[in-house]
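These notes are about the structure you will find just below.
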Amino acid sequence: MAVQLKSIRGVHDGLPQDVRQWQQVEQRARAIFKRYAFEEVRLPILEPTELFVRSIGEATDIVSKEMYHFVDQGGDDLCLRPEGTAGAVRAFLQAGLTRAGAQRWFYAGPMFRRERPQKGRLRQFQQIGVEWFGGEGPSEDIELLAMAAAFLEDLGISQVRMEINSLGCQQCRPLYRDLLVKFLTTQHANLCETCCERMDKNPLRVLDCKIASCQNALTDAPEMVAHLCEGCDQHFTGLKSGLDALKVPYRVNPRIVRGLDYYNRTAFEAVTDQLGSQGTVLAGGRYDGLVAELGGEATPAIGFAMGVERLAMLLPEAESASVDVAVITMGDALLNHSLNLAQQLRHADLCVVHCGLGNSKKQFKRANREQARFVVVIGESEAAQGLISLKNMATGEQQQITLEAALQVIAG
RNA sequence: GUGGACGUAGUUCAAUGGUAGAGCCCCGGCUUGUGAUGCCGGUUGUUGGGGGUUCGAGUCCCCUCGUUCACCCCA
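Numbering (my numbering), first residue to last: -3 to 408.
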């Protein structure tokens, strides 16, 4: 059939089969985050364009070419949020919470980026994000990473490794950057075309180039972690020792780079090789300068976000909740009686479908299709005696008993 | 934004340029108070859309939309 009206490119429907998996991810996240005293916030999907330009960085791909932005009827320049941190910081400031002590937030919802879709990459996708305001670490970094690791473990996702790095701060990163550019200049001939462009635009990006020849050329490249200032070095050392103490598995990957401008110090990614080239399933870092950048009192903060669809792809298919009872009515005159019976079964907290009217064969087929564990048959003889017929669909056994007795059997 | 692959029934897939088919699903019957197994029968298509070449296009060409994979980038 020709489907005339289709969802737009890269924007997919969440059908029951998908949503079951998303809910698994969400439920596990809620359960784990609660133990760390994080609370849910619900933030706008629409924000002023200016917010993202100032926080994420005007030169980033996200802001320069991937945002859905428009001017509304009142002349306001708005955007569908491409990520959650900027809005969280805005909300934090707007609520005047800079002196309210630590704020531990999480949120779940859709984000929008107008990219070319591919496996694990959509134009509308869901993130669960976590933001922790008011701690400069490293204890917050340690606990946040431990929480992320606990979540992934609890979800039952193995084959994911946590990689960490330090990006330095405003003092040591520029010095390192100069050092790196000097090195890259010596390797200029061995780098790919895009890397040569990156040298000017964003030299750190060269570090995570996927091309093997570039990686070869980078063998002796200076690493940020070896050029941290004293403060950053202590911070990173503290982070590693804390993770060791909590037995959180990790690997230092000096090539991790963050795409968004606001990150400093701790950066991390949970990666899998099961998803093709979109292997990053959870990523985040520290953004100590962002609150001040957006006009607030300087407040250190750290956070991460995870891609719900990507995580769901790593989960086994989820079965729908099974139907406990299907109610079958023999004779139109008994409809109200059987509808009433279905309600009584539901009061007992059972999952019940009513099979409507029609001949018994048709109704039984429906019951079978619903994969009901039991069928309750209401016919004239049952109604006359105040009993029901209860059939176990797996064994085929059927008995005429009272409703109370039936509830016992179903529960048993 | 760049490059490759793909698009046929509800679904999974066939069809040397020559009548669009099969399995599964679905519907009906065998059995009007009994499903799942069996047997018999039945429905299903603007071949993603538009244009072109040809006596003739699912098949070849162009455009477009979508999916997918990779790059860029990122969750």
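Each residue gets a CB set at the ideal place from its N, CA and C atoms; glycine is no exception.
DSSP beta-bridge partners of residue i
| i | result |
| --- | --- |
| residue 299 | 127, 281 |
| residue 159 | 247, 265 |
| residue 106 | 122 |
| residue 73 | 67 |
| residue 371 | 322, 387 |
| residue 35 | 101 |
| residue 349 | 322 |
| residue 396 | 385 |
| residue 43 | 75 |
| residue 117 | 114 |
| residue 181 | Note: residue 181 sits in no beta bridge, so no partner. |
| residue 260 | 282 |
Cβ-based burial, residue i [other Cβ within 10 Å; buried from 16]
| i | result |
| --- | --- |
| residue 152 | exposed |
| residue 84 | buried |
| residue 249 | buried |
| residue 316 | exposed |
| residue 281 | buried |
| residue 266 | buried |
| residue 231 | buried |
| residue 122 | buried |
| residue 28 | buried |
| residue 150 | exposed |
| residue 137 | buried |
| residue 169 | buried |
| residue 295 | buried |
| residue -1 | Because residue -1 sits at a pLDDT of 49, beneath the cut-off of 50, its placement in the model cannot be relied upon, and the point is left open. |
| residue 30 | exposed |
Expected contact under 8 Å - CB spacing of residue i and residue j to nearest Å
| i | j | result |
| --- | --- | --- |
| residue 257 | residue 56 | 7 Å |
| residue 346 | residue 406 | 7 Å |
| residue 235 | residue 262 | 6 Å |
| residue 218 | residue 172 | 7 Å |
| residue 210 | residue 191 | 5 Å |
| residue 366 | residue 322 | 6 Å |
Residue i versus residue j - alpha carbon distance
| i | j | result |
| --- | --- | --- |
| residue 165 | residue 2 | 47 Å |
| residue 240 | residue 342 | 51 Å |
| residue 242 | residue 369 | 45 Å |
| residue 202 | residue 71 | 40 Å |
| residue 246 | residue 395 | 59 Å |
| residue 7 | residue 41 | 16 Å |
| residue 90 | residue 233 | 35 Å |
| residue 207 | residue 213 | 10 Å |
| residue 61 | residue 390 | 57 Å |
| residue 226 | residue 312 | 46 Å |
| residue 86 | residue 287 | 8 Å |
| residue 16 | residue 363 | 22 Å |
| residue 298 | residue 98 | 11 Å |
| residue 376 | residue 336 | 15 Å |
| residue 339 | residue 332 | 11 Å |
| residue 88 | residue 119 | 27 Å |
Three CB pairs or more closer than 8 Å across the region 131 to 145 and the region 66 to 79: no
Meets three-Cβ-pair contact criterion under 8 Å: the region 159 to 172 and the region 33 to 51: no
The region 17 to 27 in contact with the region 296 to 308 per 3-pair CB rule at 8 Å: yes
Three or more C-beta pairs below 8 Å linking the region 194 to 204 and the region 166 to 183: yes
Inter-stretch contact (C-beta, 8 Å, three-pair minimum) for the region 273 to 280 and the region 110 to 120: yes
Inter-stretch contact at 8 Å, needing at least 3 Cβ pairs: the region 91 to 105 / the region 33 to 43: yes
Contact between the region 325 to 338 and the region 348 to 358 (3+ Cβ pairs under 8 Å): yes
Cβ pair count under 8 Å reaching 3, the region 73 to 84 against the region 2 to 11: no
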